[in-house]
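These notes are about the structure you will find just below.
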Amino acid sequence: MTADISILDLFLQASLLVKMVMLILLGMSIVSWAMIIKRSKVLSQAAKESESFEDKFWSGVDLSVIYQSVAKRKDELSGTEEIFYSGFTEFARLRKSNANSPDYIMEGTGRAMRVAVAREVDELENSLPFLATVGSISPYIGLFGTVWGIMHAFIALGEVKQATLAMVAPGIAEALVATAMGLFAAIPAVMAYNRLSNKVSKLEHSYATFSEEFHSILHRQVMAGRE
1 MTADISILDL FLQASLLVKM VMLILLGMSI VSWAMIIKRS KVLSQAAKES ESFEDKFWSG
61 VDLSVIYQSV AKRKDELSGT EEIFYSGFTE FARLRKSNAN SPDYIMEGTG RAMRVAVARE
121 VDELENSLPF LATVGSISPY IGLFGTVWGI MHAFIALGEV KQATLAMVAP GIAEALVATA
181 MGLFAAIPAV MAYNRLSNKV SKLEHSYATF SEEFHSILHR QVMAGRE
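Under full-length UniProt numbering, the first residue of the sequence shown is numbered 1, with each subsequent residue one higher.
Rendered as C-alpha coordinates:
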(Lines of atoms letter the chains of each structure in order from A; the text may use other names.)
(Lines give C-alpha, C1' and ligand atoms only; values in the text may rest on other atoms or scores of the structure.)
Protein backbone atom coordinates (compact mmCIF):
# COMPACT_ATOMS: atom_id res chain seq x y z
CA MET A 1 0.00 0.00 0.00
CA THR A 2 1.53 3.31 -1.04
CA ALA A 3 0.94 6.69 0.53
CA ASP A 4 -0.35 8.19 -2.70
CA ILE A 5 -3.16 5.67 -3.16
CA SER A 6 -6.17 7.12 -4.98
CA ILE A 7 -9.80 7.20 -3.93
CA LEU A 8 -10.58 4.83 -6.80
CA ASP A 9 -8.10 2.32 -5.38
CA LEU A 10 -9.72 2.63 -1.95
CA PHE A 11 -13.13 2.05 -3.53
CA LEU A 12 -11.95 -1.04 -5.42
CA GLN A 13 -10.37 -2.52 -2.28
CA ALA A 14 -13.41 -1.87 -0.08
CA SER A 15 -15.87 -4.57 0.93
CA LEU A 16 -19.02 -5.14 -1.13
CA LEU A 17 -21.32 -3.39 1.36
CA VAL A 18 -19.06 -0.33 1.59
CA LYS A 19 -18.92 -0.20 -2.21
CA MET A 20 -22.73 -0.24 -2.31
CA VAL A 21 -22.87 2.58 0.22
CA MET A 22 -20.42 4.65 -1.84
CA LEU A 23 -22.39 4.05 -5.04
CA ILE A 24 -25.67 5.00 -3.36
CA LEU A 25 -24.12 8.23 -2.08
CA LEU A 26 -22.64 8.99 -5.48
CA GLY A 27 -26.03 8.46 -7.12
CA MET A 28 -27.76 10.67 -4.55
CA SER A 29 -25.17 13.38 -5.14
CA ILE A 30 -25.59 13.28 -8.93
CA VAL A 31 -29.40 13.38 -8.71
CA SER A 32 -29.36 16.19 -6.17
CA TRP A 33 -27.02 18.30 -8.33
CA ALA A 34 -29.30 17.75 -11.34
CA MET A 35 -32.28 18.88 -9.26
CA ILE A 36 -30.39 21.88 -7.89
CA ILE A 37 -29.52 23.10 -11.38
CA LYS A 38 -33.01 22.49 -12.76
CA ARG A 39 -34.85 24.03 -9.79
CA SER A 40 -32.56 27.08 -9.79
CA LYS A 41 -33.45 27.74 -13.43
CA VAL A 42 -37.17 27.24 -12.75
CA LEU A 43 -37.22 29.64 -9.81
CA SER A 44 -35.18 32.28 -11.64
CA GLN A 45 -37.54 32.06 -14.60
CA ALA A 46 -40.57 32.28 -12.31
CA ALA A 47 -39.21 35.43 -10.68
CA LYS A 48 -38.57 37.06 -14.07
CA GLU A 49 -42.04 36.15 -15.37
CA SER A 50 -43.70 37.43 -12.22
CA GLU A 51 -41.87 40.75 -12.42
CA SER A 52 -42.65 41.11 -16.13
CA PHE A 53 -46.36 40.43 -15.67
CA GLU A 54 -46.67 42.77 -12.71
CA ASP A 55 -45.03 45.54 -14.74
CA LYS A 56 -47.67 44.98 -17.41
CA PHE A 57 -50.46 44.75 -14.83
CA TRP A 58 -49.55 48.04 -13.17
CA SER A 59 -48.90 49.85 -16.46
CA GLY A 60 -52.51 51.05 -16.66
CA VAL A 61 -53.70 48.61 -19.32
CA ASP A 62 -57.37 47.67 -18.93
CA LEU A 63 -57.79 44.40 -17.01
CA SER A 64 -60.08 42.93 -19.65
CA VAL A 65 -57.41 43.50 -22.29
CA ILE A 66 -54.81 41.73 -20.14
CA TYR A 67 -57.25 38.92 -19.49
CA GLN A 68 -57.94 38.39 -23.18
CA SER A 69 -54.20 38.29 -23.87
CA VAL A 70 -53.61 35.79 -21.08
CA ALA A 71 -56.62 33.62 -21.97
CA LYS A 72 -55.19 32.92 -25.43
CA ARG A 73 -52.44 30.82 -23.83
CA LYS A 74 -54.25 29.58 -20.74
CA ASP A 75 -52.63 26.15 -20.97
CA GLU A 76 -49.14 27.68 -20.68
CA LEU A 77 -49.74 29.96 -17.69
CA SER A 78 -47.85 29.83 -14.43
CA GLY A 79 -47.09 32.01 -11.46
CA THR A 80 -48.69 35.44 -11.28
CA GLU A 81 -50.38 35.06 -14.66
CA GLU A 82 -52.12 31.88 -13.49
CA ILE A 83 -53.29 33.62 -10.30
CA PHE A 84 -54.61 36.55 -12.33
CA TYR A 85 -56.36 34.26 -14.81
CA SER A 86 -57.96 32.12 -12.09
CA GLY A 87 -59.13 35.14 -10.11
CA PHE A 88 -60.50 37.10 -13.06
CA THR A 89 -62.24 34.05 -14.56
CA GLU A 90 -64.01 33.29 -11.28
CA PHE A 91 -64.80 36.97 -10.77
CA ALA A 92 -66.41 37.28 -14.21
CA ARG A 93 -68.40 34.06 -13.75
CA LEU A 94 -69.75 34.98 -10.32
CA ARG A 95 -70.45 38.58 -11.28
CA LYS A 96 -72.51 37.43 -14.24
CA SER A 97 -74.76 35.19 -12.15
CA ASN A 98 -74.68 37.03 -8.78
CA ALA A 99 -74.47 40.71 -9.65
CA ASN A 100 -76.32 41.74 -6.48
CA SER A 101 -74.11 39.78 -4.08
CA PRO A 102 -70.72 41.54 -3.92
CA ASP A 103 -69.63 39.68 -0.80
CA TYR A 104 -70.33 36.32 -2.43
CA ILE A 105 -68.49 37.38 -5.58
CA MET A 106 -65.40 38.50 -3.70
CA GLU A 107 -65.38 35.47 -1.43
CA GLY A 108 -65.40 33.13 -4.42
CA THR A 109 -62.79 35.20 -6.25
CA GLY A 110 -60.49 35.24 -3.24
CA ARG A 111 -60.89 31.51 -2.78
CA ALA A 112 -59.99 30.84 -6.43
CA MET A 113 -56.84 32.94 -6.14
CA ARG A 114 -55.79 31.31 -2.87
CA VAL A 115 -56.10 27.90 -4.51
CA ALA A 116 -54.05 29.14 -7.47
CA VAL A 117 -51.36 30.51 -5.15
CA ALA A 118 -51.17 27.22 -3.25
CA ARG A 119 -50.94 25.25 -6.50
CA GLU A 120 -48.14 27.46 -7.85
CA VAL A 121 -46.17 27.26 -4.60
CA ASP A 122 -46.48 23.47 -4.60
CA GLU A 123 -45.05 23.43 -8.11
CA LEU A 124 -42.16 25.67 -7.06
CA GLU A 125 -41.36 23.43 -4.09
CA ASN A 126 -41.03 20.37 -6.30
CA SER A 127 -37.72 18.51 -5.62
CA LEU A 128 -36.98 20.46 -2.43
CA PRO A 129 -38.07 17.59 -0.13
CA PHE A 130 -35.60 15.31 -1.92
CA LEU A 131 -32.76 17.77 -1.28
CA ALA A 132 -33.75 17.98 2.37
CA THR A 133 -33.73 14.19 2.58
CA VAL A 134 -30.30 13.92 0.95
CA GLY A 135 -28.94 16.58 3.27
CA SER A 136 -30.23 14.84 6.37
CA ILE A 137 -29.55 11.15 5.70
CA SER A 138 -26.37 11.16 3.57
CA PRO A 139 -23.98 11.62 6.55
CA TYR A 140 -25.63 8.70 8.35
CA ILE A 141 -25.43 6.45 5.28
CA GLY A 142 -21.75 7.35 4.97
CA LEU A 143 -21.23 6.74 8.70
CA PHE A 144 -22.85 3.32 8.38
CA GLY A 145 -20.38 2.43 5.61
CA THR A 146 -17.50 3.68 7.73
CA VAL A 147 -18.54 1.69 10.81
CA TRP A 148 -18.98 -1.45 8.75
CA GLY A 149 -15.61 -0.99 7.04
CA ILE A 150 -13.75 -0.35 10.31
CA MET A 151 -15.45 -3.32 11.93
CA HIS A 152 -14.22 -5.60 9.16
CA ALA A 153 -10.74 -4.08 9.36
CA PHE A 154 -10.48 -4.91 13.07
CA ILE A 155 -11.94 -8.37 12.57
CA ALA A 156 -9.24 -9.05 10.00
CA LEU A 157 -6.64 -7.61 12.38
CA GLY A 158 -7.71 -10.01 15.11
CA GLU A 159 -6.96 -12.98 12.89
CA VAL A 160 -3.23 -12.26 12.73
CA LYS A 161 -0.67 -12.90 15.46
CA GLN A 162 1.23 -9.64 15.18
CA ALA A 163 -0.85 -6.54 14.44
CA THR A 164 0.68 -3.39 12.97
CA LEU A 165 -0.73 -0.02 11.95
CA ALA A 166 0.19 -0.70 8.34
CA MET A 167 -2.14 -3.67 8.35
CA VAL A 168 -5.23 -1.85 9.65
CA ALA A 169 -4.68 1.58 8.09
CA PRO A 170 -5.82 0.68 4.54
CA GLY A 171 -9.10 -0.79 5.77
CA ILE A 172 -9.82 2.25 7.92
CA ALA A 173 -8.96 4.58 5.05
CA GLU A 174 -11.35 2.71 2.76
CA ALA A 175 -14.10 3.01 5.35
CA LEU A 176 -13.54 6.72 5.95
CA VAL A 177 -14.08 7.42 2.25
CA ALA A 178 -17.75 6.52 2.82
CA THR A 179 -18.08 9.28 5.43
CA ALA A 180 -16.36 11.75 3.14
CA MET A 181 -18.77 10.87 0.32
CA GLY A 182 -21.71 11.26 2.70
CA LEU A 183 -20.59 14.79 3.52
CA PHE A 184 -19.89 15.47 -0.16
CA ALA A 185 -23.52 14.62 -0.94
CA ALA A 186 -25.06 16.30 2.11
CA ILE A 187 -23.37 19.71 2.23
CA PRO A 188 -24.37 20.96 -1.26
CA ALA A 189 -27.89 19.56 -0.78
CA VAL A 190 -28.38 21.42 2.51
CA MET A 191 -26.98 24.67 1.15
CA ALA A 192 -29.09 24.44 -2.00
CA TYR A 193 -32.21 23.56 0.00
CA ASN A 194 -31.84 26.64 2.20
CA ARG A 195 -31.13 28.90 -0.78
CA LEU A 196 -33.97 27.56 -2.93
CA SER A 197 -36.43 27.53 -0.03
CA ASN A 198 -35.66 31.21 0.51
CA LYS A 199 -36.41 31.91 -3.17
CA VAL A 200 -39.69 29.99 -2.94
CA SER A 201 -40.67 31.97 0.16
CA LYS A 202 -40.02 35.25 -1.64
CA LEU A 203 -42.09 34.14 -4.64
CA GLU A 204 -44.88 32.94 -2.37
CA HIS A 205 -44.93 36.32 -0.65
CA SER A 206 -44.98 38.03 -4.06
CA TYR A 207 -47.89 35.86 -5.22
CA ALA A 208 -49.85 36.45 -2.02
CA THR A 209 -49.27 40.21 -2.20
CA PHE A 210 -50.38 40.36 -5.83
CA SER A 211 -53.44 38.29 -5.00
CA GLU A 212 -54.47 40.69 -2.23
CA GLU A 213 -53.90 43.77 -4.39
CA PHE A 214 -55.81 42.27 -7.32
CA HIS A 215 -58.61 41.28 -4.95
CA SER A 216 -58.87 44.88 -3.75
CA ILE A 217 -59.05 46.18 -7.33
CA LEU A 218 -61.84 43.76 -8.20
CA HIS A 219 -63.68 44.66 -5.01
CA ARG A 220 -63.63 48.32 -5.98
CA GLN A 221 -64.99 47.40 -9.41
CA VAL A 222 -67.86 45.42 -7.84
CA MET A 223 -68.78 48.26 -5.51
CA ALA A 224 -68.55 50.84 -8.31
CA GLY A 225 -70.80 48.72 -10.53
CA ARG A 226 -73.30 48.31 -7.74
CA GLU A 227 -73.47 52.04 -7.18
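C-beta: ideal position from N, C-alpha, C; glycine also. This structure is a prediction, so every number in the text was calculated from the model and none was measured.
Tell me whether G27 sits in a helix, a strand or coil according to DSSP, three-state version. Start at 1 with the first residue of the sequence shown, and residue 27 comes out as number 27. Helix.
Own chain partners of V115 with C-beta closer than 8 Å, once the 5 adjacent residues on each side are dropped: Locating residue 115 in the sequence shown gives position 115, counting from the first residue. These residues qualify, in order along the chain: S86.
Measuring alpha carbon to alpha carbon, tell me which residue in N198, S216, L176 is nearest S40. Sequence index remark: in the sequence shown, residue 40 carries index 40 (1-based). Nearest C-alpha to S40: N198.
Between which two residues does the alpha helix (DSSP H) containing L124 stretch? Within the sequence shown, residue 124 is the residue found at index 124, counting from 1. For L124, the enclosing alpha helix (DSSP H) begins and ends at 102-124.
Would you kindly work out how many angstroms separate the C-alpha atoms of M223 and N98, rounded to a whole number? Position 223 of the sequence shown holds residue 223. Position 98 of the sequence shown holds residue 98. Their backbone Cα atoms lie some 13 Å apart in a straight line.
Go to K74, then tell me how far its alpha helix (DSSP H) extends in each direction, as first and last residue. Here residue 74 refers to the residue found at position 74 of the sequence shown. Unbroken run through K74: none, as it is neither H nor E.
Nonlocal neighbours in the same chain, by C-beta distance under 6 Å from I150, ignoring five residues either side: The residue given as residue 150 occupies position 150 in the sequence shown. I172, A175.
Between the segment 129-140 and the segment 23-32, can you find at least three pairs of beta-carbon atoms closer than 8 Å? yes
First through last residue of the alpha helix (DSSP H) which encompasses G79: Taking the first residue of the sequence shown as 1, we reach residue 79 at position 79. Its alpha helix (DSSP H) spans residues 79-97.
Exposed or buried, what is M181 when buried is set at 16 or more other beta-carbons lying within 10 Å of its beta-carbon? To locate residue 181, count along the sequence shown from 1; it is residue 181. So M181 ends up on the buried side.
Three-state secondary structure (DSSP) at S15? As a position in the sequence shown, residue 15 is number 15, starting the count at 1. In this structure, S15 counts as coil in the three-state DSSP scheme.
To the nearest angstrom, how far is the alpha carbon of V61 from that of V121? In the sequence shown, counting from the first residue as 1, residue 61 sits at position 61. In the sequence shown, counting from the first residue as 1, residue 121 sits at position 121. Straight-line Cα distance between these residues: approximately 27 Å.
Please classify A34: is it buried, with 16 or more other beta-carbons within 10 angstroms of its beta-carbon, or exposed? As a position in the sequence shown, residue 34 is number 34, starting the count at 1. It counts as exposed.
Among A153, K38, T89, V117, whose alpha-carbon lies nearest the alpha-carbon of L63? In the sequence shown, residue 63 corresponds to position 63, counting from 1. Closest by C-alpha distance to L63, out of A153, K38, T89, V117, is T89.
Since F84 contacts V65 with CB under 8 Å, what's their CB separation in whole angstroms? Within the sequence shown, the letter at position 84 stands for residue 84. Within the sequence shown, the letter at position 65 stands for residue 65. Not a contact, Cβ separation roughly 12 Å.
Which same chain residues, not among the five before or five after R144, have their C-beta less than 7 Å away from its C-beta? Numbered from 1 along the sequence shown, position 144 holds the residue referred to as residue 144. Reading off the sequence shown, one finds Phe at residue 144, where the question assumed Arg. Closer than 7 Å at Cβ, skipping near neighbours: V21.
Give the straight-line distance between the Cα atoms of K72 and S78, rounded to the nearest whole angstrom. In the sequence shown, the residue the question calls residue 72 occupies position 72. In the sequence shown, the residue the question calls residue 78 occupies position 78. When the Cα atoms are used, K72 and S78 turn out to be separated by approximately 14 Å.
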